[in-house]
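Numbering (this note's numbering), first residue to last: 333 to 737.
Even glycine gets a Cβ: it sits at the ideal position worked out from N, Cα and C.
Below is one structure, written out as structure tokens, with a few remarks after it.
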Ligand code: XIL
């Protein structure tokens, strides 16, 4: 027989009080564990807008389903995390004035009201663009191109009607979008072909007449390309040379994993700033998907056929790609923070990966992971990484821009 079998008296049956004590002990332990665990997920971390307060505005492009509360979870993210909005589509001329003189303001009105109720800086996008402009804009009743005078008049009427409707409420306008091509030449749009390069200063003039207090911007993609940057700088100088208002250049941030090089992006950012305007990083997203060779930028008319091999992450993003993307996002945000005194706003082009246009452009029907919030409306780990960066960045000297506006 084992000695211990007789060495101890049998354990007494637990009393109800003892059971109760044990249960309480267990409960307390569970609560402490939960608290420790949740501390690991940092519930007290600031939101994005809190983290960037005093540096620059942090915004998102939003859809009408978010405005209407159909995509309610994404709308909640906007209210909680961002302090600026821009309409992804509803203020483009094809929606605002689909027929000459027939304006549809219903959705745009609701978008603006959403911004006001939630105390968000509202940017209008966009007044003059070669894309998503209705065909009638450029045609006479016989289907021929209108004259220069008629097109200028149509531009004036569109800009005046839209900008004055939201006078004092929309704080800044993308007045002209994408007028310069990647090689630095003028885009051969209908506006350019019919009016000539004057269409740009004219648009700025009309917008300023309609709301003298509104900020006015020129917005374009692939601005890191040296030739394109140079032409935009010349354009800014030309607009300023005519004593017209231009407040900022919007550098669309449609990034991919290897374009543009950060150094090129920084060089352009500095060049725009040196031309006497603020810089805004507009339309920020970062695709992880393969792109056709030599394709970069954000030409909305680009379209390629769907192939399974071009849609490699439909069942989830592999960890190594996620980390690579995080590294690139971090590098860009470090750059933005480094130049926070020159930047007035950074805006993501969408809220969650669900509704990013990158899923359907330049190839339709893919699964991309380009934004900061995932398909379950949760912040991705990159959000916390970005927030940590803001704590390391040295405080900028007080400026009249960013969240202080
Ligand atoms: C895109 C929208 O995200 C899409 O929903 C729409 O189908 C096409 O336009 N540059 C711009 C934006 O200035 O207006 C574009 O938005 C993306 C590229």
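Between residue 681 and the ligand XIL, is the CB less than 8 Å from at least one heavy atom?
Residue 681: yes, Cβ under 8 Å from the ligand XIL.
Grab me the residues of residue 531's own chain with a C-beta within less than 6 Å of its C-beta, minus the 5 sequence neighbours each way, in chain order.
523.
Can you tell me where the beta strand (DSSP E) holding residue 615 begins and where it ends?
Counting along the chain, the beta strand (DSSP E) containing residue 615 begins and ends at 610-618.
Which residue comes first and which comes last in the beta strand (DSSP E) that contains residue 457?
453-461 is the span of the beta strand (DSSP E), which, as asked, contains residue 457.
So, at 8 Å on beta carbons, what are the nonlocal neighbours of residue 391 in its own chain, with the 5 sequence-adjacent residues on each side left out?
Excluding residues within five positions, the ones whose Cβ falls inside 8 Å are 414, 415, 416, 417, 418, 452, 453, 455, 677, 678, 679, 680.
C-alpha gap between residue 359 and residue 377, whole angstroms
Bear in mind that the predicted position of residue 359 carries a pLDDT of just 49, short of 50, making it unreliable; the figure below should be weighed with that in mind. Between residue 359 and residue 377, the C-alpha separation is close to 27 Å.
Run through DSSP, which three-state label would residue 692 get?
In the structure shown, the three-state DSSP call for residue 692 is coil.
Is it the case that the Cβ atoms of residue 615 and residue 686 are separated by a distance below 9 Å?
Not in contact: residue 615 and residue 686 (Cβ atoms no closer than 9 Å).
Ends of the alpha helix (DSSP H) at residue 578?
Judged by DSSP secondary structure, residue 578 falls outside any alpha helix (DSSP H); it is assigned neither H nor E.
Cutoff 8 Å; reference residue 519; Cβ partners in own chain excluding five residues on either side
So the list reads 462, 510, 511, 512, 513, once near-sequence residues are dropped.
Proximal residues to residue 668 (C-beta, below 8 Å), its chain only, five neighbours per side dropped:
Taken in chain order, the residues that qualify are 388, 613, 675, 678.
Check whether the Cβ of residue 689 sits closer than 8 Å to any heavy atom of the ligand XIL, and report yes or no.
The answer is yes for residue 689.
Whole runs of the alpha helix (DSSP H) within the region 467-540, excluding any shorter than 4 residues:
Counting only runs that start and end inside the region 467-540, the alpha helix (DSSP H) elements of at least 4 residues fall at 480-497, 522-527.
Run through DSSP, which three-state label would residue 699 get?
Reduced to three states, the DSSP call for residue 699 is coil.
According to DSSP, is residue 554 helix, strand or coil?
For residue 554, the secondary structure class from DSSP, reduced to helix, strand or coil, is coil.
Rounded C-alpha distance that separates residue 424 from residue 655:
So the alpha carbons of these two residues sit roughly 36 Å apart.
Measuring alpha carbon to alpha carbon, tell me which of 602, 556, 572 ends up nearest residue 596.
Among 602, 556, 572, the Cα nearest to that of residue 596 belongs to 556.
Would you call residue 683 buried or exposed, if buried means 16 or more other Cβ atoms sit within 10 Å of its Cβ?
Buried.
Please state if the CB of residue 661 and the CB of residue 704 are separated by a distance shorter than 9 Å.
It is a contact, given that the beta carbons lie within the stated cut-off.
Could you give the distance in angstroms between the alpha-carbon of residue 435 and the alpha-carbon of residue 469?
If you take the alpha carbons of residue 435 and residue 469, they lie about 13 Å apart.
According to DSSP, is residue 722 part of a helix, a strand, or is it coil?
In the displayed model, residue 722 falls within a helix according to three-state DSSP.
Quick one: residues in its chain with C-beta nearer than 8 Å to the C-beta of residue 638, no 5 flanking neighbours on either side, listed in chain order?
Correct list, in chain order: 695, 696, 697, 698.
With DSSP collapsed to three states, give me the class of residue 676.
Correct three-state label for residue 676: strand.
Tell me whether residue 724, by its Cβ, gets closer than 8 Å to a heavy atom of the ligand XIL.
Distances between the C-beta of residue 724 and the heavy atoms of the ligand XIL are all 8 Å or more.
Taking 8 Å as the limit between beta carbons, can you name the residues of its chain near residue 633, skipping five residues before and five after?
Counting only Cβ-Cβ distances below 8 Å, and skipping sequence neighbours, we find 463.
DSSP state of residue 713 mapped onto helix, strand, coil
Residue 713 sits in a helix when the DSSP states are folded into three classes.
Per DSSP, the bridge partner or partners of residue 431:
In DSSP, residue 431 forms a bridge with 434.
Please state the DSSP three-state secondary structure of residue 420.
Residue 420 carries a coil assignment under DSSP once its states are collapsed to helix, strand and coil.
Using the Cβ count rule (16 or more neighbours within 10 Å means buried), how would you classify residue 565?
That one is buried.
Consider the C-beta atom of residue 505 and the heavy atoms of the ligand XIL; say whether any pair is separated by less than 8 Å.
Not a single heavy atom of the ligand XIL lies less than 8 Å from the C-beta of residue 505.
Name the residue from 700, 640, 636 whose alpha carbon lies nearest to the alpha carbon of residue 649.
Of the candidates 700, 640, 636, the one whose C-alpha sits nearest the C-alpha of residue 649 is 700.
Does the beta-carbon distance from residue 439 to residue 409 come in below 9 Å?
No, these two residues do not count as a Cβ contact at 9 Å.
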